[in-house]
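In our numbering, the protein residues as written are 4 to 302.
Data block below; observations after.
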């Protein structure tokens, strides 16, 4: 029989690491867990001793993870989530075959346009089939580490992410769902939309459009910056400029906006999902992926 070693961390030690990181301090982490500060400090010191690294920088304003601590906390979140999945799936397997179904929380990270226009019907069908699943959606900007970073850090079970041109964090798996085309959007009825200023936003996935833009001689430098695609549509509908936008961002666009196809050489981006190898086989993630694939085939 395998025995624990001096370097093994118990689940309660992992929960304390996560609580301190999330709360930003030992006192706040202790309060969140219903423990004393001394118990939390003792546990963290013990974890640091077992791992052989300092996990938190202590200061008057609280505690924040070191680079080693960030890694430890991310793994702790993922391990604790797998323990939750273990309990849910073993309980399900213990029931009769006729009453087995996915159950429990399902944490999803999505960027804005997918959260607004892709997920609602997907989650509606998912919950109709499996009412014991509890979806939890976080909207995350698709910049930097984006939605995939939420999975890597253990905050999400699955992320809807843009895949082309994106460096996937180590240890994750990804699969495409659909190709999303870009179109030109401009004020309806404008006689020369290509003469308008370009409206852009940080999440516009420039890597997907960069080569296409480089081949054009009519697109000006972006002179107007917006916070998100909703703000871009508002500015365009108000006559302040034109924009190059992906399909999902244009769902429900106001009548004041005209959408023009950019032709067969138009830029596209690949939208897919990202998860961990362990969670990819879980019942809740597999159920969501089936619904995402069905929705993606219709786009």
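Where is the CB? At the ideal position from N, CA and C, for every residue including glycine.
Just the C-alpha distance for residue i and residue j, rounded to the nearest angstrom, thanks.
{"i": "residue 113", "j": "residue 280", "result": "19 Å"}
{"i": "residue 174", "j": "residue 81", "result": "12 Å"}
{"i": "residue 143", "j": "residue 11", "result": "33 Å"}
{"i": "residue 291", "j": "residue 298", "result": "11 Å"}
{"i": "residue 200", "j": "residue 302", "result": "30 Å"}
{"i": "residue 300", "j": "residue 180", "result": "7 Å"}
{"i": "residue 226", "j": "residue 146", "result": "20 Å"}
{"i": "residue 135", "j": "residue 98", "result": "14 Å"}
{"i": "residue 123", "j": "residue 254", "result": "13 Å"}
{"i": "residue 53", "j": "residue 93", "result": "30 Å"}
{"i": "residue 259", "j": "residue 242", "result": "9 Å"}
{"i": "residue 14", "j": "residue 50", "result": "11 Å"}
{"i": "residue 289", "j": "residue 197", "result": "45 Å"}
{"i": "residue 191", "j": "residue 16", "result": "59 Å"}
CB residue i to CB residue j, shorter than 7 Å?
{"i": "residue 287", "j": "residue 109", "result": "yes"}
{"i": "residue 138", "j": "residue 119", "result": "no"}
{"i": "residue 272", "j": "residue 165", "result": "yes"}
{"i": "residue 205", "j": "residue 277", "result": "no"}
{"i": "residue 20", "j": "residue 56", "result": "no"}
Are any of the Cβ atoms in chain D nearer than 7 Å to that of residue i?
{"i": "residue 278", "result": "This model lacks chain D altogether, as it is built from one protein chain only."}
Residue i: buried (16+ other C-beta within 10 angstroms of its C-beta) or exposed?
{"i": "residue 216", "result": "exposed"}
{"i": "residue 5", "result": "With a pLDDT of 49 at residue 5, under the threshold of 50, the modelled position of that residue is not reliable, and the figure given next carries that caveat. By the neighbour-count rule (16 or more Cβ atoms within 10 Å), residue 5 is not buried but exposed."}
{"i": "residue 84", "result": "buried"}
Select from the options the residue whose C-alpha is nearest the C-alpha of residue i.
{"i": "residue 221", "options": "204, 247 and 172", "result": "247"}
{"i": "residue 87", "options": "206, 282 and 75", "result": "282"}
{"i": "residue 158", "options": "27, 90, 233 and 77", "result": "77"}
{"i": "residue 106", "options": "115, 214, 244 and 133", "result": "133"}
{"i": "residue 228", "options": "202, 69, 156 and 9", "result": "202"}
{"i": "residue 270", "options": "111, 234 and 212", "result": "212"}
Would you mind giving the Cβ-Cβ distance between residue i and residue j, rounded to the nearest angstrom? I have them listed as a contact below 8 Å.
{"i": "residue 37", "j": "residue 23", "result": "That belief does not hold up - the Cβ atoms of residue 37 and residue 23 are roughly 14 Å apart, past 8 Å."}
{"i": "residue 129", "j": "residue 151", "result": "No, residue 129 and residue 151 are not in contact; Cβ-Cβ is about 21 Å, not under 8 Å."}
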